[in-house]
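Asker: Below is one structure. I have some questions about it.
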Amino acid sequence: MTGYLPIGFEFAAEITFPAAEGTTGGLLNASAQIFGMLLTLAMGQVMHGISTFWCNIIMSTALILGTFLT
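Below is the structure:
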């Protein structure tokens with residue numbers, strides 16, 4: 010996934026052209042950090058409340074869905 014980052018940042022900079030590149034990159038990084046924190050907290054609740062098996066199923070489903078969307 011690391012190879013997608015420069016392409017994604019460049020694409021975001023191109024489609025938001027009048028805005029500065031730093032603004033676009035900052036918003037992308039901030040949204041990734043917020044989503045990561047929320048997902049970590051949610052999966053912690055699933056692990057402790059249900060089981061690690063369902064946590065793995067949810068994360069695997071999210072990864073497969075992300076693969077098909079890109």
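If you count the sequence shown from 1, you need to add 9 to reach our numbering. Idealized CB from N, CA, C, for every residue including glycine.
Please determine, among 40, 71, 37, 41, the residue with the shortest C-alpha to C-alpha distance to residue 52.
Answerer: 71
Asker: What number of angstroms, rounded off, separates the C-alpha of residue 14 from the C-alpha of residue 73?
Answerer: 18 Å
Asker: Count the other CB atoms within 10 Å of the CB of residue 81; is the residue buried (16 or more) or exposed (fewer)?
Answerer: This structure leaves residue 81 out entirely; the chain is present only between 10 and 79.
Asker: Just the Cα atoms here: how many angstroms apart are residue 49 and residue 55?
Answerer: 10 Å
Asker: Is residue 30 near residue 22, with beta carbons less than 8 Å apart?
Answerer: yes
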